[in-house]
Structures are given as structure tokens and as C-alpha cells.
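Colleague:
Residue numbers (the working numbering), protein chains in the order written: chain A, 238 to 648; chain B, 28 to 426.
See the structure below:
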């Protein structure tokens with residue numbers, strides 16, 4: 238009987254759970270659906286609590302994984318089927334082909350010579366990518382991925398001669414014997430195109446907060462210069478629309494926990510880049526839990542940052558790319574239309590499992606979060622359980638690892 | 028020492044409001060989406076967000092002094108977008124319902140109109156009254172307490188069924204309804220006076236520039252806002268909103284047509300007796316081709332069309348977004364009764380079916396009484412109170 242633990246999801250909470258379990262002597266498998274580990278944190282420019290870049294915290298975790306023979310991870314992998322019960326699971330995992338050789342050859346020259354292009358999910362549609370790519374310079378594993386569907390005829394000829402490309406690699410399926418499972422399936426940004434009154438899908442200069450992270454990131458599509466998507470102009474008067482989808486029974490019927498802090502943080506990105514820019518944050522309630530309160534004070538001390546209590550409920554595009562926001566200032570009881578040249582929708586987080594694929598047989602609540610059922614031997618960590626910041630995700634990863642170990646030990 | 032402001036919530040008021048249809052008000056977290064969603068609320072002090080917090084806090088005085096509850100057209104746009112299902116539109120409607128209930132005496136009628144359990148009383152008053160009149164006139168006509176000619180006078184050759192032979196206009200129906208009209212007008216006079224006193228500003232108002240006469244404001248309100256249904260159009264052109272506009276318009280113009288008919292007949296009937304005005308004398312029943320009869324039938328058809336639109340729309344409302352109160356159903360129900368029995372009496376009369384014709388006409392009288400005598404306490408009171416409030420805010424310089 239296997240003593241191994243399966244961790245589904247290679248984001249911050251999953252990595253933490255895997256490392257914690259492995260470092261006390263358990264075999265761990267990580268199954269990650271994207272080609273690289275790091276999850277949402279890898280997409281951020283800076284993250285709380287210390288506002289360090291993602292490479293900072295992730296690099297240590299990647300080192301620990303690399304140096305620990307107990308951890309095995311599978312990328313581009315997806316759990317298909319879970320059989321058995323607590324203490325004795327048989328898990329079927331489907332693995333997509335990577336089409337590159339299993340070493341970390343530097344294929345950057347080959348990649349840049351290719352002509353095909355595909356939508357770049359990592360950049361949330363702000364840029365295209367080549368068919369052969371790494372998501373970020375510090376991507377782990379540092380092994381290129383080939384997206385065969387974006388390869389044209391000419392590219393095919395270039396790729397054919399390269400010894401590190403394996404065009405004929407086929408998808409495969411493996412089975413893992415594990416004793417318990419940690420679900421660290423994470424979250425996805427709420428689909429802002431559902432917010433029809435906020436113009437998200439129709440106006441180019443209405444971006445989401447995750448797109449803002451990519452714009453601010455030095456590895457992002459603009460190399461860290463925050464510009465308007467429509468014309469590349471530097472924004473001078475930026476608005477943040479809080480609760481874009483969150484705390485709304487028509488969309489996400491809960492508070493996504495991080496968006497207030499994210500917008501305050503992003504307001505500082507803008508203020509650092511554009512010392513004369515003005516930032517307005519429209520909010521329902523500003524939620525800055527615990528010690529984040531100090532951060533709020535710091536941001537609010539900035540005279541160029543204004544906070545207005547009132548949810549934006551109407552958005553209009555203007556000629557030239559500016560955006561008109563309609564909102565009532567609920568403190569003063571004045572309704573008005575305000576012109577901004579860039580609008581950031583603070584979209585909330587939706588659990589990945591809410592989309593319907595749940596081979597684990599765990600109970601989900603109405604919003605798609607995992608309901609704790611210890612007797613099943615499956616434990617949720619991070620945002621699969623509830624909306625959390627990175628720090629608390631890591632804590633919940635440790636907690637899930639401990640529960641998973643208990644399941645193994647108590648058999 | 029500085030005195031801290033203390034909110035004195037009126038708990039019984041909150042309870043009453045919840046009972047009147049504002050039961051979701053506590054869900055509101057003041058995000059102000061509703062104020063923006065409302066296309067007709069003004070930029071300064073927009074509604075309905077402020078009403079929501081006043082209601083949560085039980086600030087009865089603030090709500091009573093608020094003209095905005097009457098400026099809301101109840102399109103439900105705010106409730107559609109509300110992230111909490113707090114249904115601001117229902118609160119505004121509940122506030123109006125409370126005004127119908129409380130604004131004027133006798134408050135007994137207000138109470139009877141607020142709950143379906145009192146409906147039998149409301150029906151019984153006109154039902155007994157008209158039954159008595161019917162029996163009384165029949166016994167005079169046919170000499171005897173138990174009229175041996177029966178309750179149904181036989182049709183006259185050449186004329187057909189005449190409702191006036193028992194429901195005798197000159198001495199019975201007309202004077203009775205004139206008393207009702209007087210009572211309703213007096214109640215509305217009291218209601219409007221109180222409404223204006225409530226929503227008027229405290230202290231004195233300094234007016235810069237010329238002020239319009241209030242009559243001019245009233246004419247503008249009716250001609251620019253009410254008759255063209257301009258606010259209904261501003262409330263959006265989604266399918267459901269368009270149905271609402273069409274239905275309401277049909278009802279309004281149907282009632283206007285019927286008012287013209289009633290007015291003309293009453294005028295001709297009474298003033299036609301003056302010798303030199305005998306040319307305008309009108310006697311009912313009118314032949315079908317008579318212009319007044321044609322107008323009456325157009326009015327009736329408009330009522331039926333409007334009723335169908337509004338009833339279907341109301342039945343199709345998403346209950347999670349907009350609930351229908353007893354006030355809504357009472358009004359629709361009574362107008363249905365008026366229109367259907369009006370049509371029925373005419374058809375039975377033309378078909379020569381004596382008993383069904385008289386019975387239907389009797390129900391028609393009961394329904395008409397229920398529509399008009401209780402008007403200031405029913406949802407139809409908005410006809411007067413909303414007009415008064417809109418006129419007043421126009422007069423105060425708000426558009």
C-alpha cells in the first residue's frame with residue numbers, strides 16, 4: 238500500500254503542501270495542468286505581504302522541489318479519475334505532450350525565429366506568444382513547451398531539424414497509487430464579460446486587475462511600463478472599480494478578499510511610474526484585514542489617490558479611448574459621470590472547480606469552493622477552499638499537508 | 028461637551044414597512060448601484076440608495092418627508108442590478124403602500140385595503156348597498172316587499188333591457204356616486220395637503236429668479252410627463268419595460284375615454300333638462316352607432332388590452348427581483364372586474380338575456396364602487412399623489 242500524497246495544483250498552496258509533506262518524509266506527486274509551476278503568483282508583479290516579485294518566494298520553493306527526491310511533478314497533466322477511498326486511492330492522470338526534450342535546452346533563438354502566433358493566456362490576452370515558449374524567464378521547469386496547434390508549415394520545417402524537439406510525442410495516461418489527496422486547484426479571475434454594465438469585454442481600456450499585474454510586470458507585454466491597451470498612451474487619470482463581480486448574488490456571491498489590497502497595491506504601481514497621475518478607487522467597503530490596515534493608511538496618505546464610496550454601475554466608452562464611469566458617491570449623495578483614461582476592474586476570484594470538472598467526488602458549495610470532509614481523505618488548500626491571499630494560501634497548504642499525513646498515518 | 032448624534036430607530040415602523048413589501052431592505056449594504064441603475068433619479072441626492080438606509084435605520088421622518096418615493100416609476104431596473112437582492116424598487120413601492128394606508132382617514136379603510144383578509148368587508152359594503160337599492164326599486168316598481176314581477180324587469184318593446192329601471196340613475200345611482208366622488212375628492216384634498224406639508228422644505232425657501240405658478244407646473248407635469256409616458260420610456264426599452272409602458276398607456280387612455288363618456292352623459296342627462304338646452308339631452312342606453320357609445324367601447328377595449336399586458340408582465344416577473352404586493356393585485360383585480368362586467372352587461376343587454384344582464388350590471392356597480400370609493404387608499408392613489416409630488420418638485424425648481 239502506497240504512503241504517497243497527491244497534490245493537485247502547482248500554485249503557491251499546492252507547492253507549500255507538497256514541500257511540507259515531502260520534507261517530513263512522504264512521497265508526493267504534484268499534478269499541474271499548465272506547463273509550469275507557480276500558479277497565479279507567477280503572474281503577479283509584486284505580492285503581499287512584503288511586495289516582493291514572484292520570483293522571490295517561488296524560486297525558493299522551486300529549489301526545494303528540485304533538491305527533494307521525494308517530490309515528483311507532472312505538468313500539462315490533468316486528473317481524469319479517482320478510485321478507491323481514504324488511505325488507498327488509484328488516480329488516473331492524463332498528460333499532454335510537451336514536444337520538447339527532457340532537459341532544459343535554451344531554445345530561445347529557435348523560438349524567436351518561428352512565425353506562428355497564439356493567444357497568450359499567461360498575459361490575459363494582452364500579448365501573443367510564439368508556439369515555442371516559456372511563460373516567464375524564471376519559469377519552472379525551465380523547459381520550453383511547443384504548442385503544436387500554432388505551428389504553421391514553415392515553422393514545421395524549422396522545428397523538424399532540431400534535436401530537442403519531439404514532434405511525435407503522444408499524450409499518455411498514468412496511474413498513481415496514493416493514500417491521500419490535497420486539492421490545491423486554485424482560482425481563475427472571474428469572467429468580466431459577464432459584467433455587462435461594466436463594459437469589460439467591449440472597452441479596451443477597461444482592464445482587469447490581473448491584466449494590470451501583467452502590464453506592471455517587468456516580464457510582461459509592456460516590459461513593466463503601464464500603458465493603455467488601446468493606444469499605448471501613459472495613463473494620467475486612472476480608476477479602480479472594486480467588487481467587479483464579487484459580493485454580488487448575480488455573479489460571485491462572496492467577497493474575494495484580495496481585490497481591495499490588490500487595487501491599493503496597483504495604485505502605488507501607478508504612482509511610482511507616473512508621479513503626476515491621479516488615481517480614484519471606487520469601493521463599497523474597503524476591506525484591509527489585519528496588518529494590511531497599515532498599508533491602507535500609507536496609500537490613503539497619498540494626495541493623488543482618492544477613495545470614493547460607491548459602486549460603479551455604469552460604464553461608457555468615449556471617442557479617443559477614455560472611459561466614463563457612472564457612480565453615486567454614497568457619502569455625499571451625489572451621482573455623477575467621471576472620465577478616466579484607464580479603468581481597472583477589480584475582478585474577483587472564482588474557484589477553478591466551479592467550472593464543473595470534479596473527478597474527485599468532493600462536495601462543492603454553491604460557489605464552487607470545496608466543503609471540508611475529513612473522512613474522504615481529500616483536503617482542500619488555498620483558494621480551492623476560500624478566497625485567500627498568498628500568505629494564508631501557504632498556511633492552508635501546510636495545514637492540508639498535515640491532514641493528508643494524518644490520513645496516511647492513521648490507516 | 029459635544030453631544031453625539033443618536034439615531035432613534037422606529038422599530039414598529041421598520042416592521043410595518045417590511046409587512047408592506049419592503050422585507051428585503053435589510054440585505055442592502057449601500058453600494059449605490061441602484062442610484063446609478065435608475066435612469067430617472069437626479070444627480071443630487073439620487074434615490075433609492077438613501078431610502079434604503081433610512082428604512083434600515085427606521086428613520087420614519089426622513090422617509091415621510093421624501094418626495095422621491097413618488098418620483099420612482101417602479102420599473103425595477105435597480106432591483107435587477109442589485110447585488111444583494113435587496114430589491115430597492117420594492118421598498119419604494121412599500122413606502123407608497125404605507126402612504127396609501129396612512130395618509131388620510133378613515134384609517135380603517137387604509138387597514139382594510141392593506142390585507143386580503145379584509146377583502147370581504149370591502150366587497151360587502153357596495154354589495155349590500157346595491158342589493159338593497161335593487162330590491163327597494165324593484166319593490167316600488169312592482170308594488171310589494173317581495174316583488175311579484177321578480178327582480179328583473181321585462182325588456183320594453185323597442186328599447187330592450189334598461190338597467191335604469193332598477194338602478195334608477197336620477198335619484199339613486201347618480202346622487203350616490205356624487206357623494207362618493209365628494210368623499211374621494213375631500214380625502215384627496217387632505218392627502219395632498221399632508222403630502223406637500225411632509226415633503227416641503229423645513230423653514231423658509233429663498234427663490235432666485237421667477238417662479239412658475241403651480242398650475243403651470245401641473246399642466247407641464249400632465250402634458251410632458253404623464254400623458255406621453257416619457258419617464259416610462261426613460262426606464263429602458265427592454266421587452267418587459269416596453270410591455271409595461273404600452274399596458275399602462277392603454278389603461279390611462281382607456282380611463283380617459285371612459286371619463287369623457289361618463290362626463291358627457293351626465294352633463295347631457297342633467298343639463299339637457301333645462302328648456303333651452305334640450306338639444307343635448309341624452310338618455311341611455313345609447314344605440315351602438317352613437318359617437319359616445321363608440322368612444323365607450325374603445326375605452327373598454329383599451330382597458331382590456333392594458334390589463335392583459337400588465338397582468339401578463341406582472342405574472343412573468345422574476346420573484347427574486349421584484350415581488351408583487353397585495354396592492355398591485357387588488358388594483359389589477361378590480362379593474363379587471365370593472366372592465367369584464369362592463370363588457371358583459373352590454374353583451375347580455377344586447378342579447379336580451381334579462382337575468383344575466385342585471386346580475387352582471389349589479390357586479391359592475393359593485394366593482395366600480397370598489398375602484399372609486401376606496402381610491403385614495405388603493406394603489407390607484409398614485410394617480411393623484413404622484414402627480415402632486417411631481418408637480419411640487421417641479422414647482423420647487425427640480426426637473
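Don't be surprised by glycine CBs; every beta carbon is placed ideally from N, CA and C. As the structure is a computational prediction, the values presented were derived from the model and not from experiment.
Beta-carbon separation of residue 501 of chain A and residue 536 of chain A under 8 Å?
Modeller: Their beta carbons are under 8 Å apart, which means residue 501 of chain A touches residue 536 of chain A by this criterion.
Colleague: Do the CB positions of residue 337 of chain A and residue 402 of chain A come within less than 8 Å of each other?
Modeller: Yes, Cβ-Cβ distance for residue 337 of chain A and residue 402 of chain A is below 8 Å.
Colleague: Bridge partners of residue 220 of chain B, per DSSP?
Modeller: In the DSSP output, where bridge partners are listed per residue, residue 220 of chain B has none listed.
Colleague: Put residue 587 of chain A into one of helix, strand or coil per three-state DSSP.
Modeller: Looking at residue 587 of chain A - three-state DSSP - the assignment turns out to be strand.
Colleague: Give the secondary structure of residue 73 of chain B by DSSP, where H, G and I count as helix, E and B as strand, and everything else as coil.
Modeller: Residue 73 of chain B falls in the coil class under three-state DSSP.
Colleague: So residue 106 of chain B packs on residue 115 of chain B, CB below 8 Å; how close in whole Å?
Modeller: Indeed they touch by this definition, with Cβ atoms about 6 Å apart.
Colleague: Is the distance from the Cβ of residue 590 of chain A to the Cβ of residue 607 of chain A below 8 Å?
Modeller: Against a cut-off of 8 Å, the Cβ pair of residue 607 of chain A and residue 590 of chain A comes out as a contact.
Colleague: Between residue 563 of chain A and chain B, is the shortest Cβ-Cβ distance under 8 Å, so that the two count as touching?
Modeller: True, the Cβ-Cβ gap to chain B drops below 8 Å.
Colleague: Considering only the alpha carbon of each residue, which of B:119, B:365, B:239 and B:254 lies closest to residue 49 of chain B?
Modeller: It is B:119.
Colleague: Determine, using beta-carbon pairs with one atom in the stretch 545-562 of chain A and one in the stretch 515-522 of chain A, whether at least three such pairs fall under 8 Å.
Modeller: Result yes; three or more Cβ-Cβ pairs closer than 8 Å.
Colleague: Residue 434 of chain A CB to nearest chain C CB: under 8 Å?
Modeller: The structure shown contains no chain C; its protein chains are A and B.
Colleague: From the DSSP output, in three-state form, read off residue 572 of chain A for me.
Modeller: Of the three classes helix, strand and coil, the one that applies to residue 572 of chain A here is strand, per DSSP.
Colleague: Quick one: which chain B residues come within Cβ less than 7 Å of residue 486 of chain A?
Modeller: Residues of chain B passing the Cβ test: 110, 111 and 112.
Colleague: In this structure, how does DSSP classify residue 478 of chain A when only helix, strand and coil are distinguished?
Modeller: Note: residue 478 of chain A maps to strand in three-state DSSP.
Colleague: Does the Cβ-Cβ distance between residue 560 of chain A and residue 421 of chain A come in under 8 Å?
Modeller: No, these two residues do not count as a Cβ contact at 8 Å.
Colleague: Using a Cβ cut-off of 7 Å, pull out every chain B residue sitting near residue 551 of chain A, in sequence order please.
Modeller: Going along chain B in sequence order, the residues near residue 551 of chain A (Cβ under 7 Å) are 63.
Colleague: Which bits of chain A does residue 100 of chain B rub up against, with CB to CB less than 7 Å?
Modeller: Near residue 100 of chain B there are no residues of chain A at all, since even the closest Cβ is about 17 Å away, more than 7 Å.
Colleague: Given a threshold of 16 other Cβ atoms within 10 Å of its Cβ, counted over all protein chains shown, does residue 534 of chain A qualify as buried or as exposed?
Modeller: Per the 10 Å Cβ criterion, exposed.
Colleague: Could you check the C-alpha separation between residue 411 of chain B and residue 219 of chain B for me, to the nearest Å?
Modeller: Using only the alpha carbons, I get a separation of about 8 Å.
Colleague: Between the Cα of residue 439 of chain A and those of A:489, A:429 and A:300, spot the shortest distance and give me the residue it belongs to.
Modeller: Closest by alpha carbon: A:429.
Colleague: Where do the ends of the beta strand (DSSP E) carrying residue 433 of chain A lie?
Modeller: Per DSSP, residue 433 of chain A belongs to no beta strand (DSSP E) and is neither H nor E.
Colleague: Using a beta-carbon distance below 8 Å, is residue 547 of chain A in contact with chain B?
Modeller: It does; some Cβ of chain B falls within 8 Å.
Colleague: Nearest chain B C-beta to residue 521 of chain A closer than 8 Å, yes or no?
Modeller: True, the Cβ-Cβ gap to chain B drops below 8 Å.
Colleague: Can you grab the Cα-Cα spacing for the pair residue 67 of chain B / residue 262 of chain B, in whole Å?
Modeller: So the two alpha carbons sit approximately 7 Å from each other.
Colleague: At 3 residues or longer, what runs of the beta strand (DSSP E) sit wholly inside the stretch 483-553 of chain A?
Modeller: Runs of the beta strand (DSSP E) inside the stretch 483-553 of chain A: 515-520 and 542-546.
Colleague: Rounded to the nearest angstrom, what separates residue 348 of chain A and residue 356 of chain A at their Cα positions?
Modeller: Answer to the nearest angstrom: the Cα atoms are 15 Å apart.
Colleague: Look at the Cβ atom of residue 294 of chain A, then the Cβ atom of residue 427 of chain A, and state whether they are nearer than 8 Å.
Modeller: No, the pair does not count as a contact, with Cβ atoms beyond the cut-off.
Colleague: Secondary structure at residue 266 of chain A, three-state DSSP: helix, strand or coil?
Modeller: Three-state DSSP puts residue 266 of chain A in a strand.
Colleague: Locate the beta strand (DSSP E) running through residue 443 of chain A, then write down its first and last residues.
Modeller: Here the beta strand (DSSP E) through residue 443 of chain A covers 443-445.
Colleague: Quick test of the definition: if touching needs 3 or more C-beta pairs under 8 Å, does the stretch 266-275 of chain A touch the stretch 363-382 of chain A?
Modeller: Yes, the stretch 266-275 of chain A is in contact with the stretch 363-382 of chain A.
Colleague: For residue 324 of chain A and residue 414 of chain A, I'd like the C-alpha separation in whole angstroms.
Modeller: Approximately 10 Å, taken between the alpha carbons.
Colleague: Can you list, in chain order, the residues of its chain whose CB lies under 6 Å from that of residue 256 of chain A, leaving out five sequence neighbours each side?
Modeller: Excluding residues within five positions, the ones whose Cβ falls inside 6 Å are 301.
Colleague: Any beta carbon from chain B within less than 8 Å of residue 567 of chain A's own beta carbon?
Modeller: Chain B contact via Cβ: present.
Colleague: Under 8 Å, Cβ to Cβ, is there at least one residue of chain B near residue 570 of chain A?
Modeller: Output row for residue 570 of chain A: interface = yes.
Colleague: Considering only their Cβ atoms, is the gap separating residue 443 of chain A from residue 564 of chain A smaller than 8 Å?
Modeller: No, the Cβ-Cβ distance between residue 564 of chain A and residue 443 of chain A is not below 8 Å.
Colleague: Can you list, in chain order, the residues of the stretch 566-600 of chain A whose Cβ is nearer than 7 Å to any Cβ on chain B?
Modeller: Result list: 567, 570, 571, 572 and 573.
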